[in-house]
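Quick note on this note's numbering: the sequence shown kicks off at 53 and runs consecutively.
Where is the CB? At the ideal position from N, CA and C, for every residue including glycine.
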Amino acid sequence: MPTIPTLFYERMPPAGVVFGCLLPVPWVGAAAGLLLALGPSAGVPDRFAPLLLALVHVLAVGMLLPAMLGALFQMFPVVAGVQVRGAKWVSPWVAVTCVATVVALATGFLGGEPRAFGLAAWLGAPLLAVPAVLIILAGTHVAHPRNAHATLRTLRRIGWALLATLASGATLGTALGSGRFAPSLVLLDLHVGWGLGGWLATLVAGVASTVLPMFWQTGRLPDRWHRLLPGWLWAPLLLGSVLGSLSGWLGAVVLWQTWAWLALAALAAIGVRAVCSARRRHDPGWRLWLAATVAWLTVAMLGLVASWLPADWPIAWWMGVLALVGGGVLPVNAMLGKIIPFMVWMHLRRRVPRHVRLPAMQTLIGERQQHWHARLLLFVLLALLLVPLQPARMAVIAGMLFALAHVWLGAMLCRALLIFRRVSRAFARD
């Protein structure tokens, strides 16, 4: 049975490598909320409404991507004992490149400017491919015994999913920017599949395999969980990529998508059971992880039954909100509330003399504040799911609440960082 990997805390990268990726995340989230509240609501909640296309990319590329790249820059050396070479040179530009790319995409979707799509496709995607390639190269050095832990299996291959998402996105952006050919719906499905399933869901599952037992004391995940990641989620996507390029047969699309939903449902169900077994349910992040696993399970179930549901139901909206916000934003918030104080404390311990008593890790971000913040995030998720009832009014309410939640998160993280700087300067070793 796989055991939790040995953690190499002495190999932690410099604080700036990870903080530079993570700290802008709440503020991009706040901007996404304001865009939903103040942007043009025409067409909402249709999946192809310009505002929604812009918002999806603000969340996926501007908010979640830098958070996950920062987490990978931390996890490779600490969990796998492998340094991501070049990370210290790339990390300062990750958030900037992500934001610039989503600004270009939002300009294209909301302003109808084709050149903006070309800019995102031919400048943003190649620049974001640089950290993806670095992660792929680092993954080749990750140990891979037969009974490897799910986190190690994920780290070994996750860069390929990001590269597939960027490549398919760049192709779609080229089509929209040039106007010479229409974007392929099959390619669009694969772009969404690799982005949400191959990249986001896989990485969340891989990270959860280590952090849930570590921080929330969940029960041991079953052997099949470790054996199936990430191949169980990727196999239908690989099949879809091959069939999509070779055949236009509708049955092929139904085949790989049904397999993908079943794979996601199976893993999400295991995740729900694991989170429910946690002993530290009083922790603020526990309810966010529970909501995240339930959200992924609901996405899979909706995907399986969507063709039998009434055509006027906002299925695409619900699935998008549950996947991006429920399955992505919530666990990222839960992890930021854990990882930032943990990293601050660990880096302070390395910088100040051993006899100096450091602030308790739990005091860097108040637990009571985190409880209320978690409740607000769950209320935001509910408000977003209710947007189709009254799009013009509910979009404003949900957007402002989303922005408030992330300004609050940003303020809590800034407080932890200020403590880090103050203590470092006061007790820095010569």
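Once you ignore the five residues that flank residue i on each side, which residues in its own chain have a CB closer than 8 Å to its CB?
{"i": "threonine 226", "result": "Phe169, Gly170, Ala173 and Trp174"}
{"i": "serine 261", "result": "His201, Ala202, Thr203, Thr206, Leu273, Trp277, His278 and Leu281"}
{"i": "leucine 465", "result": "Leu74, Leu75, Pro78, Leu388, Ile392 and Ile417"}
Can you check which of these residues, the options, is closest to residue i by C-alpha distance?
{"i": "arginine 325", "options": "Trp369, Pro265, His334 and Ala158", "result": "Pro265"}
{"i": "alanine 468", "options": "Asp335, Ser143, Ile417 and Leu430", "result": "Ile417"}
{"i": "leucine 291", "options": "Leu281, Asp275, Gln309 and Arg276", "result": "Gln309"}
{"i": "tryptophan 109", "options": "Val151, Phe71 and His193", "result": "Position check: residue 109 holds histidine in this sequence, whereas tryptophan was assumed. Out of Val151, Phe71 and His193, Val151 has the C-alpha closest to the C-alpha of histidine 109."}
{"i": "arginine 420", "options": "Leu342, Ala352, Pro383 and Pro336", "result": "Pro336"}
{"i": "alanine 89", "options": "Val448, Val475 and Ala463", "result": "Val448"}
{"i": "tryptophan 313", "options": "His334, Leu289 and Arg332", "result": "Leu289"}
{"i": "tryptophan 460", "options": "Val80, Val259 and Pro66", "result": "Val80"}
{"i": "alanine 184", "options": "Trp246, Ala213 and Val134", "result": "Ala213"}
{"i": "glycine 231", "options": "Pro178, Asn199, Gly247 and Gly160", "result": "Gly160"}
{"i": "alanine 320", "options": "Trp286, Thr345 and Val396", "result": "Thr345"}
{"i": "proline 197", "options": "Val244, Ile188, Arg208 and Trp424", "result": "Arg208"}
{"i": "proline 65", "options": "Ala177, Val113 and Val130", "result": "Val130"}
{"i": "arginine 402", "options": "Arg63, Arg333 and Leu59", "result": "Arg63"}
{"i": "threonine 58", "options": "Leu342, Ala132, Pro92 and Gly95", "result": "Ala132"}
{"i": "leucine 400", "options": "Val182, Val475, Met115 and Phe71", "result": "Val475"}
{"i": "phenylalanine 71", "options": "Met395, Leu441, Arg409 and Ile471", "result": "Met395"}
Quick one: grab the DSSP three-state call for residue i.
{"i": "aspartate 482", "result": "Note that aspartate 482 has pLDDT 46, beneath the 50 cutoff, so the model's placement of it is unreliable and the number below is only indicative. Aspartate 482: coil per DSSP, three-state reduction."}
{"i": "leucine 88", "result": "helix"}
{"i": "proline 78", "result": "helix"}
{"i": "isoleucine 417", "result": "coil"}
{"i": "alanine 444", "result": "helix"}
{"i": "glycine 95", "result": "coil"}
{"i": "glutamine 126", "result": "helix"}
{"i": "glycine 133", "result": "coil"}
{"i": "arginine 427", "result": "helix"}
{"i": "alanine 195", "result": "coil"}
{"i": "glycine 221", "result": "helix"}
{"i": "glycine 337", "result": "helix"}
{"i": "glutamine 269", "result": "coil"}
{"i": "threonine 310", "result": "helix"}
{"i": "glycine 231", "result": "coil"}
{"i": "methionine 64", "result": "coil"}
{"i": "leucine 438", "result": "coil"}
{"i": "leucine 280", "result": "helix"}
By Cβ distance below 6 Å, which residues in the same chain neighbour residue i in space, the five residues on each side in sequence not counted?
{"i": "leucine 86", "result": "Ala455"}
{"i": "valine 69", "result": "Phe125, Ala139, Lys140 and Ser143"}
{"i": "aspartate 482", "result": "Per-residue confidence for aspartate 482 stands at a pLDDT of 46, beneath the threshold of 50, marking its modelled position as unreliable; the derived number appears in the next sentence. Result list for aspartate 482: empty, nothing under 6 Å."}
{"i": "methionine 446", "result": "Leu438 and Val439"}
By Cβ distance below 7 Å, which residues in the same chain neighbour residue i in space, the five residues on each side in sequence not counted?
{"i": "threonine 270", "result": "Leu264, Ala326, Val327, Ser329 and Ala330"}
{"i": "valine 361", "result": "Here residue 361 is leucine; the residue named in the question, valine, does not match the sequence. The answer, listed in chain order, is Ile367."}
{"i": "serine 293", "result": "Leu242"}
{"i": "leucine 228", "result": "Gly160, Pro166, Phe169 and Pro235"}
Please indicate yes or no: does the CB of residue i lie closer than 7 Å to some heavy atom of the ligand PLP?
{"i": "leucine 162", "result": "By its list of ligands, the structure shown contains no ligand whatsoever, and the ligand PLP lies outside what it can speak to."}
Review point. Can you find at least 3 beta carbon pairs, one from the region 232-248 and one from the region 217-224, that sit closer than 8 Å?
Key: Because the criterion of three Cβ pairs below 8 Å is met, the region 232-248 and the region 217-224 touch.
Exercise for review: Entirely within the region 135-189 and at least 4 residues each: give me those alpha helix (DSSP H) ranges in chain order.
Suggested key: Within the region 135-189, the complete alpha helix (DSSP H) runs of at least 4 residues are 139-163 and 166-171.
Practice item. Return the chain-ordered ranges of every alpha helix (DSSP H) run that is complete within the region 339-408 and spans a minimum of 4 residues. Key: If one requires a minimum length of 4 residues, the alpha helix (DSSP H) runs lying completely within the region 339-408 are 367-372 and 382-403, in chain order.
Check your understanding: Does the region 144-160 come within contact of the region 243-258, defined as at least 3 CB pairs closer than 8 Å?
Key -> No, they do not touch.
Check your understanding: Per the contact definition of three or more C-beta pairs closer than 8 Å, is the region 427-445 in contact with the region 371-380?
Key -> Between the region 371-380 and the region 427-445 there are three or more C-beta pairs closer than 8 Å, enough to call the two in contact.
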